[in-house]
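Asker:
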Amino acid sequence: MADVFILGPRSELEALSMEDAPEDNGYCLSAGPIDRESRAVLYAQLSGLFIDDALAHEQYDHSIDDQGPHLFALSAEMVTSMAAIDDDQNELVVGDWLASEPMGRHDLELVDVCQFLFDLSHFCQLAIQTPELGVFILSEG
């Protein structure tokens, strides 16, 4: 299963079970082949942190089951940074991100990654506008 970003209230995601579909508990955005290591590059790019330190922007929340999947909350700082990416910056940010070694392994098209970041940025904007919502990542890893 690809990692999935979920825009939803923490209270509903706390009750998420193995039988539940993530889209029943919030709006979902598949990360496709963009794994945690690849996302860390984006977080580092936006925060100015080293890649290993930037991983802290995905904060462990809880596991759905003993073996996973696991739910991570995107840090408030990263939600704010991503929400601030406007349409003009999107392609520049994605161009730099795609030039990284982890993203280069995925053979992704600029237009597809621009759309992913555009959608994720809008998730973050909605989370800021609606305080009971958060941005979460459901991950097998």
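If you use my numbering, the sequence shown corresponds to residues 8 to 148, in order. Positions of the beta carbon are idealized from the N, C-alpha and C atoms, including for glycine. Being a predicted model, the structure only gives us computed values, none of them experimental.
Against chain D, does Ile-135 count as a neighbour if the rule is that its beta carbon must be under 8 Å from one of theirs?
Answerer: The structure shown contains no chain D; it holds only a single protein chain.
Asker: Between the alpha carbons of Ala-146 and His-77, how many angstroms are there, rounded?
Answerer: If you number the sequence shown from 1, residue 146 lands on position 139. If you number the sequence shown from 1, residue 77 lands on position 70. Here residue 146 turns out to be Ser, not Ala, going by the sequence shown. So the two alpha carbons sit approximately 5 Å from each other.
Asker: Leaving out five residues on either side along the sequence, give the residues of the same chain with a beta carbon under 6 Å from the beta carbon of Glu-98.
Answerer: Taking the first residue of the sequence shown as 1, we reach residue 98 at position 91. Around Glu-98: Cys-121.
Asker: Given this structure, state the Cα-to-Cα distance separating Leu-53 from Ser-24, to the nearest angstrom.
Answerer: The residue you call residue 53 lines up with position 46 of the sequence shown. The residue you call residue 24 lines up with position 17 of the sequence shown. So the two alpha carbons sit approximately 33 Å from each other.
Asker: Decide if Val-118 is buried, meaning its Cβ has at least 16 other Cβ atoms within 10 Å, or exposed.
Answerer: Here the question's residue 118 lines up with position 111 in the sequence shown. Result: exposed.
Asker: In chain order, what residues of the same chain lie with their CB nearer than 8 Å to the CB of Leu-105, ignoring the 5 residues before and after it?
Answerer: The residue given as residue 105 occupies position 98 in the sequence shown. The answer, listed in chain order, is Gly-111, Leu-115, Leu-117, Val-120.
Asker: Sort Glu-26, Tyr-50, Gln-74 by Cα distance to Gln-66 and report the nearest one.
Answerer: Locating residue 66 in the sequence shown gives position 59, counting from the first residue. Residue Tyr-50 is the option with its Cα nearest to Gln-66.
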